[in-house]
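For the protein sequence lines, the chains are L and A, in the order given. Okay, so the first sequence: first residue is 484 according to my numbering, each after it adds one. Okay, so the second sequence: first residue is 1038 according to my numbering, each after it adds one. By construction, the Cβ of each residue, glycine as well, lies at the ideal position given by its N, Cα and C atoms.
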Amino acid sequence: MSFSPGLILILGALLVPFMQGMVRGAYIVLLPIICLFFILTLDSDVSATIAFLDYQLVPVRVDQLATVFGIIFCIAAAISALYAFHERDGLQQVAALIYAGSAIGAVFAGDLVTLFVFWELTAVSSVFLIWARRTERAYRAGMRYLIIQIGSGVLLMAGALLHIADTGSIAFTDFGLTSPATTLIFLAFGIKCAFPFLHNWLQDAYPEATVSGTVWLSAFSTKLAVYALARAFPGTEILIWIGVTMTAFPIFFAVIENDLRRVLAYSLNNQLGFMVTGIGIGTQLALNGTVAHAFCHILYKALLFMSMGAVLHRVGTIKASELGGLYKSMPLTAVFCMVGSASISAFPLFSGFISKSMILAAAAEQGYLVPWLILLFASAGVLDHSGIKIPFFSFFAHDSGIRVEEAPTNMLWAMGITAFLCIAIGVFPAPLYAILPYPVDFHPYTATHVITQYQLLLFSALAFVWLMRTGVYPPELRSTNLDFDVTYRKGLPAVARWLVQVFHPLDQTMRQRIIQFAQRIIAGVYRYSGPGGSLARTLGTGSMVFWVLAMLVGYLLISLAAP
Amino acid sequence: MTEKKEDTSEEIYWLDQPRNISLLVWLLVVICIVLFFSDAFYHKHAIFEIEHLFGFYGVFGFTVYVGLVMTAKWLRNLLMRPEDYYERDDEL
Chain L
484 MSFSPGLILI
494 LGALLVPFMQ
504 GMVRGAYIVL
514 LPIICLFFIL
524 TLDSDVSATI
534 AFLDYQLVPV
544 RVDQLATVFG
554 IIFCIAAAIS
564 ALYAFHERDG
574 LQQVAALIYA
584 GSAIGAVFAG
594 DLVTLFVFWE
604 LTAVSSVFLI
614 WARRTERAYR
624 AGMRYLIIQI
634 GSGVLLMAGA
644 LLHIADTGSI
654 AFTDFGLTSP
664 ATTLIFLAFG
674 IKCAFPFLHN
684 WLQDAYPEAT
694 VSGTVWLSAF
704 STKLAVYALA
714 RAFPGTEILI
724 WIGVTMTAFP
734 IFFAVIENDL
744 RRVLAYSLNN
754 QLGFMVTGIG
764 IGTQLALNGT
774 VAHAFCHILY
784 KALLFMSMGA
794 VLHRVGTIKA
804 SELGGLYKSM
814 PLTAVFCMVG
824 SASISAFPLF
834 SGFISKSMIL
844 AAAAEQGYLV
854 PWLILLFASA
864 GVLDHSGIKI
874 PFFSFFAHDS
884 GIRVEEAPTN
894 MLWAMGITAF
904 LCIAIGVFPA
914 PLYAILPYPV
924 DFHPYTATHV
934 ITQYQLLLFS
944 ALAFVWLMRT
954 GVYPPELRST
964 NLDFDVTYRK
974 GLPAVARWLV
984 QVFHPLDQTM
994 RQRIIQFAQR
1004 IIAGVYRYSG
1014 PGGSLARTLG
1024 TGSMVFWVLA
1034 MLVGYLLISL
1044 AAP
Chain A
1038 MTEKKEDTSE
1048 EIYWLDQPRN
1058 ISLLVWLLVV
1068 ICIVLFFSDA
1078 FYHKHAIFEI
1088 EHLFGFYGVF
1098 GFTVYVGLVM
1108 TAKWLRNLLM
1118 RPEDYYERDD
1128 EL
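Following this line, the structure appears as structure tokens:
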């Protein structure tokens, strides 16, 4: 009888408060590694069940899809823990472990009830990584994040209940978009996966989290949603169009965004688009591509967030308008950041290349010309915001004069290990290909792939240079850019204010009427029972005796009248 | 690692010299030219018709990149607000 691997982290988190300092830090790094080895010992295609009411819960369902995500989640947790090793904030440490554990638990969940429990637990635990920043801004962003995440859970529960009523089964399998129930589940996944118009929690909350909190956050929630979509809705065609939209629109925002961690959040959204497109295409190559891309993406995105976190940690700001020239004081961080940039841009020999090319090849194989062109456009866009903008405006560009220390040693190790993995996967993709859900017959390093990719990327880079040299490239400005969240951050309060304006006079008149009515009643009562009122007159004892007598006579007459 | 000192006493880095930046730019230009004409020297395994156009990937990359940046720059007119835009009317 095996138990959910996620419990190793969740229950392990409960011991964190009993440890201190380095021991505690080491323990948090070690726990995901133990979890990783436990996952590797799980027999494939085996599931554990527990009887629950009339249903069979499946807390552990082991197959290749779940295992790949389990493995990368453990690696991400260990790396994030190493990155956060210097921190002594128990709240964050416990929250992060429970968060990672519940994501792993959700990946191995074989039924909707278990999935729902872990799904909500990721939301509730992760919000503390945002609140741990302990600013008013972070508190508010966390609140918005929590409301939306819990909303996703509520939709999932509603969908699951309907689905159980429809089919009598709680199994979490390939549903397809076939009924109102599965549509609700689809929407629940869509919120967590940051579908267009449901995406803004991501760009809103992630940049407000703590330095290490954002690294934790970047790995789990959205990739859990990718996993869930790949499990339940592979080959659902609408996902292709949702996916390509996700790859395309965030890059416009990324170009003009000033907060570099927010740029990365937009870029994260864009990368999710590639995965969602792969799920929509639904062929073996596409799904393999999606899983491989999620695997690589977790690493290079964490690497980019770590490097920007290190800058924030040392400089105290992450606004592009304030930064520049930092390679002089943080050379190692700059190198690691550029490895992450090269990986996300999918330069050959870096990890993104061997996974993203699978999704593009799958789109081409199925003859999806327009989606393929959009993906190609988005690939050029990735080069702009994550490939060039992130490293260029922080570490190079004009020298801001800021001189700081290099990042702390534990951060450098975490970034170094991740950078190594990004290159290793790019150079030797075979081990990753071997653990994908389907057999892989794909060769990324063909002359066509490599040359066309270099053409796309270097001509884009040339365009950047040209725009910079001619002064056309938009300067970094301190600003906020409106996105869809303006609807609920400005729109909803405006509606509330309008309602108050309309209903306030109405409410006032109603109150006045009621008060006037009550006053009239009080005046009437006062007239009759107040001093001098007819009901308040005092009568003499004699008249009372008279009335008692009259009553007794009345009784007598009635009793005599009755036979 | 550089200590926080007078900026004037700092060493001059290789990238501080505009000459070297230009060198890098020209290097990129040369590589791009080579890449562009490399289409003539190998058999392209392409699926779509459009991929067979000579230098398609390079021209496409350059064009959409410029298009993306120019559109985003224009979008600032619509979308850009002051930094404290969401903190202004907090009382509600």
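- Contact annotation for E848/L against chain A: I1084 [CB-CB distance below 9 Å, chain order].
- Judged by beta-carbon spacing, A902/L lies beyond the 8 Å limit of M813/L, meaning their Cβ atoms are not closer than that value.
- DSSP, reduced to helix, strand and coil, places Y1050/A outside both helices and strands of the structure shown, so it counts as coil.
- Rounded to the nearest whole angstrom, the C-alpha separation of G799/L and S695/L is 14 Å.
- Residues V698 and W699 of the same chain have their beta carbon placed closer than 6 Å to that of S563/L, with the five preceding and five following residues left out of the count.
- With the criterion set as a beta carbon lying under 9 Å from some beta carbon of chain L, the members of the region 1109-1126 of chain A are A1109, K1110, L1112, R1113, L1115, L1116, M1117, R1118, P1119, E1120, D1121, Y1122, Y1123, E1124 and D1126, in sequence order.
- Apart from sequence neighbours up to five positions away, the residues of its chain that approach M841/L with a beta-carbon distance below 7 Å are L768, N771, G772, A775 and F925, ordered along the chain.
- The DSSP assignment places 892-910 and 913-917 as complete runs of the alpha helix (DSSP H) inside the region 886-917 of chain L, in order along the chain (cut-off: 4 residues).
- By the C-beta density criterion, N1057/A is exposed, having fewer than 16 other C-beta atoms within 10 angstroms.
- In the three-state reduction of the DSSP assignment, T693/L falls in the coil class, being assigned neither a helical nor a strand state.
- Within chain L, not a single residue places a beta-carbon under 9 Å from that of V1067/A; the smallest gap is close to 11 Å.
- With respect to the C-alpha of V600/L, the residue from R617/L, I631/L and A643/L having the closest C-alpha is A643/L.
- Take the alpha-carbon of T661/L and the one of I885/L: they are about 57 Å apart.
- Considering only beta carbons, the part of the region 927-951 of chain L lying closer than 9 Å to chain A consists of T929, A930, T931, H932, I934, T935, Q936, Y937, Q938, L939, L940, L941, F942, S943, A944, L945, A946, F947, V948, W949 and L950, in chain order.
- Around the beta-carbon of E570/L, 16 or more other beta-carbon atoms lie within 10 Å, marking it buried.
- In the DSSP assignment, F947/L falls within the unbroken alpha helix (DSSP H) covering A930 to R952.
- Boundaries of the alpha helix (DSSP H) harbouring V1062/A: P1055 to S1075, taken from the DSSP string.
- Taken through DSSP and simplified to helix, strand or coil, F535/L comes out as strand.
- With a cut-off of 8 Å on Cβ pairs, the region 967-974 of chain L is in contact with the region 674-694 of chain L, counting three or more such pairs.
- At a cut-off of 8 Å between beta carbons, L1105/A contacts chain L.
- In this structure, DSSP gives P500/L a helical state, which the three-state scheme calls helix.
- When 9 Å is used as the limit between beta carbons, F1097/A is near these residues of chain L: L856, L859, F860, A863, Q938, L939 and F942, in chain order.
- The residue from A715/L, H780/L and V759/L with its alpha-carbon nearest to that of L747/L is H780/L.
- When DSSP reads this structure, K811/L sits in no beta bridge, so it has no partner.
- In this model, P690/L and G756/L are separated by some 20 Å (Cα to Cα).
- Here S701/L is buried, its C-beta having at least 16 other C-beta atoms within 10 Å.
- A direct Cα-Cα distance of roughly 45 Å separates T931/L from I511/L.
- Around I734/L, the beta-carbon contacts reaching into chain A at under 7 Å are L1105.
- Contact between the region 609-625 of chain L and the region 507-525 of chain L is not established, with fewer than three Cβ pairs separated by less than 8 Å.
- If you draw a 10 Å sphere on the C-beta of A715/L, you find 16 or more other C-beta atoms in it, and that means buried.
- In this chain, the alpha helix (DSSP H) harbouring I725/L covers I721 to I739.
- Under the Cβ criterion of 8 Å, L1090/A is not counted among the residues facing chain L.
- Interface annotation for the region 805-825 of chain L against chain A: K811 and S812, criterion Cβ-Cβ distance under 7 Å.
- In this structure, P874/L lies away from M951/L, with their beta-carbon atoms at least 8 Å apart.
- Residues of the region 953-981 of chain L with a C-beta atom less than 8 Å from some C-beta of chain A are V955, Y956, P957, L960, R961, S962, T963, N964, L965, D966, R972, K973, P976, A979 and R980, listed in chain order.
- Each residue's CA atom was taken as its position, placing I1070/A and A825/L some 21 Å apart.
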